[in-house]
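Have a look at the structure below, then the notes.
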Amino acid sequence: MVSAGDFGYIPTVVFVAYLGGKGNRAKWIGFGCILIALANILISSSNFLFDDQVPTVSTSSISHPQSLLNPNCSIFKDILLFQNETVMSDNETFFGDFIQCDDGNHRVRPLLLTSSFAYCNQEINTEKLEYNTRTCLNDQMAHFGPTALIFFGLFILGIGRTMPFSLGLPLVDDNVKKRNLPLYFAGMFLIRMVGPVIGFGMGNFLQKQYYKFEQPLGLTPVDPEWIGRWWAGFLLIGIVLFFPSLALFFFPKPKADSPLNLVDKHARKNSKGQAIMPKSFKSKAADFYKTISGVLKQPVYFFSMIGRICDVFAFKGFFVFLPKYIELQFGLPQYQIMSYMAVIGITGFAVGVLLGTLGMRFLKLEGRRAAGWV
């Protein structure tokens with residue numbers, strides 16, 4: 008489930024970057040954002056399409072296990088293994104049921120000894136085993152629907168995010184004056200810093216809300232059985248993102264007489280300044296192979312990519328499983344964990360950007376030295 012987005016992102020990002028770079032980048036980004044919005048709505052819909060049983064919690068009385076009321080009760084020691092010692096003051100009828108069960112045990116035992124359906128009978132045990140197996144399979148099939156729906160939504164989400172991630176900076180480069188470009192780039196990275204903080208803040212708030220609109224009596228966010236309103240964030244983001252994405256389809260085309268941008272210096276242009284796009288499938292495949300080969304032959308890019316892969320290996324699992332580890336190790340509720348991760352995450356990111364900026368400025372790193380610093 009954690010890797011579902013990567014299954015969609017990795018195979019498509021190279022093709023999207025290649026094809027989108029030769030087309031209308033704004034429309035490509037708009038289409039990708041629509042995919043992201045629909046994927047978020049699809050993920051949240053599993054909460055409404057698949058119903059489940061809400062746990063019943065009572066703080067006034069504790070009922071003794073249902074196994075004590077079965078007709079064929081076991082002997083005393085087996086009954087006591089199922090019974091909670093704190094139940095005595097909460098259930099006055101327990102001892103009456105206990106005596107009745109013991110009395111039934113003595114009366115039923117002679118019948119069981121002569122019955123072919125006794126608990127020690129091989130046929131009945133085999134039948135019970137098959138019944139339990141079928142019940143387990145049915146439970147697994149009941150979980151398949153929501154799991155598959157969420158997985159498919161995350162898969163589409165991975166495909167959609169390839170377009171704004173790979174084409175966003177070139178689109179800004181197309182439509183912004185060169186002297187203003189650093190300011191816009193800084194604004195984009197600022198949004199990327201604030202985004203996780205807003206996400207963790209939403210998680211902190213929504214984790215305090217029960218995932219059903221009717222909260223069971225006695226269940227609180229600190230209870231291990233508590234499930235926060237996880238679907239609300241996906242639904243909200245999907246709705247908010249959908250309508251602005253449509254506006255990108257009305258974005259004007261780049262001017263034909265505009266100068267070559269930094270990201271388009273490598274592209275072949277015609278007399279009108281437009282990128283030359285191969286027509287046939289064979290020529291497109293050859294041009295794609297030539298472009299990818301040229302990029303991979305750049306030593307700085309190649310080794311930077313290897314370093315980034317190693318960084319993801321270390322960071323991905325840590326970031327994904329850290330909330331669950333903190334919950335199990337220290338017993339903290341999820342909403343508190345979201346707050347801590349937001350504060351620590353934004354602080355670490357800000358310190359890293361500050362140190363990187365100061366290092367590049369005062370050490371005057373350029374070219375290979377700058378790549379080595381990264």
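FYI, the numbering for the sequence shown is 8 to 381, going by this note's numbering. Just so you know, even glycine gets a beta-carbon here, dropped at the ideal spot from N, CA and C.
- Checking the DSSP bridge columns, you'll see residue 217 partnered with 235.
- In this structure, 296 is the residue among 296, 132 and 150 with its C-alpha nearest to the C-alpha of residue 22.
- When the Cα atoms are used, residue 176 and residue 192 turn out to be separated by approximately 8 Å.
- Straight-line spacing of the CA atoms in residue 360 and residue 196 works out to 10 Å.
- For residue 54, the enclosing alpha helix (DSSP H) starts and ends at 32 to 56.
- With contacts defined as CB atoms closer than 9 Å, residue 19 and residue 140 fail to qualify as a contacting pair.
- Within its own chain, the residues whose Cβ lies closer than 8 Å to the Cβ of residue 216, once the five positions on either side in sequence are excluded, are 235, 236 and 239, listed in chain order.
- For residue 233 against residue 224, the beta-carbon gap comes to about 13 Å, at or over 8 Å, which does not count as contact.
- For residue 154, the closest alpha carbon among the candidates 378, 307, 32 and 52 is that of 52.
- With contacts defined as CB atoms closer than 9 Å, residue 353 and residue 203 qualify as a contacting pair.
- The beta carbons of residue 167 and residue 46 sit closer together than 9 Å.
- Here residue 39 has 167, 170 and 171 as same chain residues with Cβ atoms under 6 Å from its own Cβ, once five neighbours each way along the sequence are excluded.
- The DSSP-derived three-state label of residue 225 is coil.
- DSSP places residue 323 inside the alpha helix (DSSP H), whose first and last residues are 306 to 337.
- Using a Cβ distance threshold of 9 Å, residue 15 and residue 164 count as a contacting pair.
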